[in-house]
Amino acid sequence: MGLALFTILIFPGFLFVSVFGLMAEFFDRRIYARLQNRVGPPWFQAFADFIKLLGKEDIVPCAANEKMFDFAPLFALTSAVTVFLYIPLWKAPVTFSFNGDIVMMLYLLTIPTLAFFIGGWYSRSLYARLGSVRCVTQLFAYEVPLFMSILSSALLANTWELKEVAAFYLKHPLYSLFNLVGFFVSLIAILGKLEKVPFDIPEAETEIVAGTFTEYSGRRLAILRLTIDVEMVVGAALLVAVFFPFALYFQSVLGFLVAVLEICGVIALLALLRTIVARLRIDQMINFCWKVLVPFSLFQLLLNLILKGKLIL
Amino acid sequence: MHHSSKFKIPMGPQHPALKEPESFSIALKGEKIMGVDIRLGYNHRGIEKACEERTFVQDVYLIERVCGICSHSHSTAFVQGVEEIAGLIVPPRAQYIRTLIGELERVHSHLLWLGVAGHEIGFDTLLMYTWRDREIVMDILALLSGNRVNYGMNMIGGVRRNVTEEQAQDILKGVKTLEERTKYYIEVATQETTIIKRLSGVGVLKKDDALRLGAVGPTARASGVEYDVRRNDPYAAYAELDFNVITDTNSDVYGRTIVRVKELLESYKMIRQCLKNLPNGPIAVKAPRKIPAGEAISRYEAPRGEDVHYIKSNGGEKPERVKVRAPTLANIQAVKHMLKDRYLADMPIVVAAIDPCFSCTDRLVSVKGNAGKSKKILTWEALRNYSVEWHQVHGIDFTELSYKFRTKMERF
Amino acid sequence: MLNEEKIIQDLCGKFKFLENQIKATRPRRIFLEVPYEHFMEVFDFCVRQLSFTQLCAMSGLDDVEKLSVMYHLAQEGGIVINLKTGVSREQPVLKTVMPYFLCAEIYERELVDLFGFKIEGLPDGNRYPLTDDWPKGEFPLRKDWKPFDQKKA
Numbered sequence: 049m050g051l052a053l054f055t056i057l058i059f060p061g062f063l064f065v066s067v068f069g070l071m072a073e074f075f076d077r078r079i080y081a082r083l084q085n086r087v088g089p090p091w092f093q094a095f096a097d098f099i100k101l102l103g104k105e106d107i108v109p110c111a112a113n114e115k116m117f118d119f120a121p122l123f124a125l126t127s128a129v130t131v132f133l134y135i136p137l138w139k140a141p142v143t144f145s146f147n148g149d150i151v152m153m154l155y156l157l158t159i160p161t162l163a164f165f166i167g168g169w170y171s172r173s174l175y176a177r178l179g180s181v182r183c184v185t186q187l188f189a190y191e192v193p194l195f196m197s198i199l200s201s202a203l204l205a206n207t208w209e210l211k212e213v214a215a216f217y218l219k220h221p222l223y224s225l226f227n228l229v230g231f232f233v234s235l236i237a238i239l240g241k242l243e244k245v246p247f248d249i250p251e252a253e254t255e256i257v258a259g260t261f262t263e264y265s266g267r268r269l270a271i272l273r274l275t276i277d278v279e280m281v282v283g284a285a286l287l288v289a290v291f292f293p294f295a296l297y298f299q300s301v302l303g304f305l306v307a308v309l310e311i312c313g314v315i316a317l318l319a320l321l322r323t324i325v326a327r328l329r330i331d332q333m334i335n336f337c338w339k340v341l342v343p344f345s346l347f348q349l350l351l352n353l354i355l356k357g358k359l360i361l
Numbered sequence: 491m492h493h494s495s496k497f498k499i500p501m502g503p504q505h506p507a508l509k510e511p512e513s514f515s516i517a518l519k520g521e522k523i524m525g526v527d528i529r530l531g532y533n534h535r536g537i538e539k540a541c542e543e544r545t546f547v548q549d550v551y552l553i554e555r556v557c558g559i560c561s562h563s564h565s566t567a568f569v570q571g572v573e574e575i576a577g578l579i580v581p582p583r584a585q586y587i588r589t590l591i592g593e594l595e596r597v598h599s600h601l602l603w604l605g606v607a608g609h610e611i612g613f614d615t616l617l618m619y620t621w622r623d624r625e626i627v628m629d630i631l632a633l634l635s636g637n638r639v640n641y642g643m644n645m646i647g648g649v650r651r652n653v654t655e656e657q658a659q660d661i662l663k664g665v666k667t668l669e670e671r672t673k674y675y676i677e678v679a680t681q682e683t684t685i686i687k688r689l690s691g692v693g694v695l696k697k698d699d700a701l702r703l704g705a706v707g708p709t710a711r712a713s714g715v716e717y718d719v720r721r722n723d724p725y726a727a728y729a730e731l732d733f734n735v736i737t738d739t740n741s742d743v744y745g746r747t748i749v750r751v752k753e754l755l756e757s758y759k760m761i762r763q764c765l766k767n768l769p770n771g772p773i774a775v776k777a778p779r780k781i782p783a784g785e786a787i788s789r790y791e792a793p794r795g796e797d798v799h800y801i802k803s804n805g806g807e808k809p810e811r812v813k814v815r816a817p818t819l820a821n822i823q824a825v826k827h828m829l830k831d832r833y834l835a836d837m838p839i840v841v842a843a844i845d846p847c848f849s850c851t852d853r854l855v856s857v858k859g860n861a862g863k864s865k866k867i868l869t870w871e872a873l874r875n876y877s878v879e880w881h882q883v884h885g886i887d888f889t890e891l892s893y894k895f896r897t898k899m900e901r902f
Numbered sequence: 058m059l060n061e062e063k064i065i066q067d068l069c070g071k072f073k074f075l076e077n078q079i080k081a082t083r084p085r086r087i088f089l090e091v092p093y094e095h096f097m098e099v100f101d102f103c104v105r106q107l108s109f110t111q112l113c114a115m116s117g118l119d120d121v122e123k124l125s126v127m128y129h130l131a132q133e134g135g136i137v138i139n140l141k142t143g144v145s146r147e148q149p150v151l152k153t154v155m156p157y158f159l160c161a162e163i164y165e166r167e168l169v170d171l172f173g174f175k176i177e178g179l180p181d182g183n184r185y186p187l188t189d190d191w192p193k194g195e196f197p198l199r200k201d202w203k204p205f206d207q208k209k210a
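Chains as they are written, first to last, in the working numbering: chain B, 49 to 361; chain P, 491 to 902; chain U, 58 to 210.
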């Protein structure tokens, strides 16, 4: 019981993920800045921002539905943190897992987006409402290729349990090379989930101010921003666990370090992607997801089905 | 929000997409723009009236402050008008120096625009790169005039500072770097898919619409209107320079981008010519204090388009009337047309594509309040100390912390 | 100077009263004043026949005995013709030139706000450039107008 609580609250649960998330934000921003020929923030910038926001005045617009406005950030954060508990990254004493957890994880990752939608919608600002609608519209576009490419990897492993998927690829590392298309598709789709360029349409600053978050301030904004950071870590960790779970190969501390390195590598790739492109329009984004990403993930699915046939034979 | 219902979304007076306060009220249906209502005038400062109450010499400096970016454009347009009324023959060296500064200003304005355009479509990397390079031309301007934006180079009858041989060498060096970088940006702008996707087909202004709506500058030239005051109504040293008027037939935001980046290359060419052919001789003639009665209309191709000044003198020290028509005022009609049936996401870049400068546009009346008497002028440092003290009185003291922070930051 | 001379000849040929009224101050600059009763004809002639297809600006002028407007029209070749016309202070009514130039709208609003002109045929719309709560009957660019204390007003 004690150990479980420790796992949930401290390591690798809430506290660890939060700190890791804030550090990841720094890492992401630093790489982004260096790629843009800037200096970038110091390592404590994300913490300083977070603490500063906690101390700021927290305003609830009088037209807003206070309960919804309040709960949305908490829902978003908890569901994002929960996912991390299920991801087998290194050889940990306690891991939660069951058959089908990979599907549950993907759905838990959808909750933050829905929470953003609810929070934005009930803050009753025009900008926030536009942002919310864009948020959900976008969800339907990137979710499909993301699910398809992640699940096709699981399909090859012939299990719906992430632990088993990881174990499979650990046993047959060469098979993960076949999943590269799926990896890149989900990498791009994750950018939509994280609302980063080119898919930062729901919070496109020059169009709708801060989009969904326009009315949020102080503590609630701090939580929302933390949620996005955590989502980034969780998304990257999920990709690592599904496609390259090689940290499990090593012993505890070394394994942990390798896992962190792998996650940082994925975050660096995300930063690189968002450096070299401009923001798309919502219609272009949906077209891109359905006409480019989905065919690629279908191809991945087909490839894995063929491979699987060979495997059984 | 039902996609069938129409609602109005305010953009401005304060909005992240706008760098200056103006109000666009946009009627939306879903993501589609159904109509735009533009309210200008938030930056009305009464410069035209103020000019009438000051002498010609003072007005040169006041006019320079109409706009932060095209300050040299406005002051040149003004002094040219006054010189025309007074019948002053400006020495050729001064004409060349004016042209030189004018082209450097165009380079700095176009690079600024390119960065802003990048930011409006969410491509911040372009913003960071172009603004880094813009520092080169800002340094050159500071080297020549001592200032980064309001150069104070013009005076009635000539220019105030000379250009030395060493300075010319420095400029050539800077221009060389800039030219390489600009070529790279042309490559980026013509090859990067997301940029092309966001820019082409957006904010279309056909050639006859551009003529009908009176668009000027790069906005008109991108619609295939071959019109440039530097060519059609030459002033300063432009009649003696060899340059091309850049036009494009894309008629959209993409075309406007192409026109501006190509104009950068033309500017570099002109800067080189100016320095090569810089005539010797004085840089100014003495101007009379009283300008004889008369009137003049002076046109100048500012980076954003044609800048028109009308000046009337009644034979005294002060002008009878000064009228400034900034390029944005001519282009604002076109914006309404360009936004028709577009998406909300296109709005920032379409507005930015005319390179709007609302401060130029608005100018005019200030109302003197009685606050003038109790006004206290604080320096930046004094203002900072005032705020620190104010917070200390209210029980917030950051002295210790800020010291620590500063030492920490110095290590980075 | 050829083009300018031809334009002046054309104008004088068409409108006899303009004889010796037209000044060419320098190459590419023509100034003339037209009484308001003939203004629209001259304006129409300049735009339609002499192809002055660009409206550069409209400058309001307070000539004390009357209020005037100067229309700065440009040709593609760079020639600018400055048509000045005046109306009485008490009845400063002008016809809009928006049928010729759509961009005249904002210039005409400026004349309304700053000089107190009345423009016939100008569609309803936002005022420019003064604030919505600007007091009635105050026209800042008229010569008899002095800056006043807004608080007392």
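Ideal placement from N, C-alpha and C gives every residue a C-beta, glycine not left out.
Alpha-carbon to alpha-carbon, residue j and residue i
i                      : j                      : result
residue 549 of chain P : residue 744 of chain P : 38 Å
residue 291 of chain B : residue 216 of chain B : 11 Å
residue 539 of chain P : residue 528 of chain P : 25 Å
residue 639 of chain P : residue 552 of chain P : 14 Å
residue 576 of chain P : residue 520 of chain P : 59 Å
residue 759 of chain P : residue 665 of chain P : 9 Å
residue 59 of chain B  : residue 65 of chain B  : 8 Å
residue 151 of chain B : residue 177 of chain B : 29 Å
residue 776 of chain P : residue 647 of chain P : 6 Å
residue 841 of chain P : residue 887 of chain P : 44 Å
residue 547 of chain P : residue 198 of chain U : 21 Å
residue 303 of chain B : residue 659 of chain P : 59 Å
For residue j and residue i, believed in contact at Cβ under 8 Å, the rounded distance
i                      : j                      : result
residue 765 of chain P : residue 661 of chain P : 6 Å
residue 250 of chain B : residue 183 of chain B : 4 Å
residue 735 of chain P : residue 712 of chain P : In fact, because the Cβ distance is near 12 Å, the residues do not count as touching under 8 Å.
residue 587 of chain P : residue 649 of chain P : 5 Å
residue 793 of chain P : residue 600 of chain P : 6 Å
residue 797 of chain P : residue 563 of chain P : 5 Å
residue 708 of chain P : residue 753 of chain P : 7 Å
residue 79 of chain B  : residue 319 of chain B : 4 Å
Contact set for residue i: own chain, Cβ-Cβ below 7 Å, skip 5 residues either direction
i                      : result
residue 143 of chain U : 93, 120, 123, 124 and 125
residue 823 of chain P : 703 and 704
residue 347 of chain B : 229
residue 67 of chain U  : 107
Neighbour-count burial assignment, residue i, 16 or more Cβ in a 10 Å radius
i                      : result
residue 531 of chain P : buried
residue 293 of chain B : buried
residue 248 of chain B : buried
residue 861 of chain P : Confidence at residue 861 of chain P is low in this model, with a pLDDT of 38, below 50, so the placement of that residue is unreliable and no value is reported for it.
residue 327 of chain B : buried
residue 779 of chain P : exposed
residue 603 of chain P : buried
residue 181 of chain U : exposed
Nonlocal neighbours in the same chain, by C-beta distance under 8 Å from residue i, ignoring five residues either side
i                      : result
residue 865 of chain P : Model confidence at residue 865 of chain P stands at a pLDDT of 44, short of 50, so the residue's coordinates are unreliable and nothing is read from them.
residue 299 of chain B : 139
residue 196 of chain U : 170, 171, 172, 173 and 202
residue 102 of chain B : 266, 267 and 270
residue 156 of chain B : 127, 128, 130 and 131
residue 771 of chain P : 581, 582 and 583
Cutoff 6 Å; reference residue i; Cβ partners in own chain excluding five residues on either side
i                      : result
residue 617 of chain P : 605, 608 and 609
residue 571 of chain P : 786, 788, 799 and 801
What are the complete alpha helix (DSSP H) segments, minimum 4 residues, inside the segment 83-128 of chain B? 93-103
Residue ranges of each alpha helix (DSSP H) within the segment 701-750 of chain P, 4 or longer: 707-711 and 719-722
Can you list, in chain order, the stretches of the alpha helix (DSSP H) that have 4 or more residues and sit fully within the segment 89-154 of chain U? 93-105
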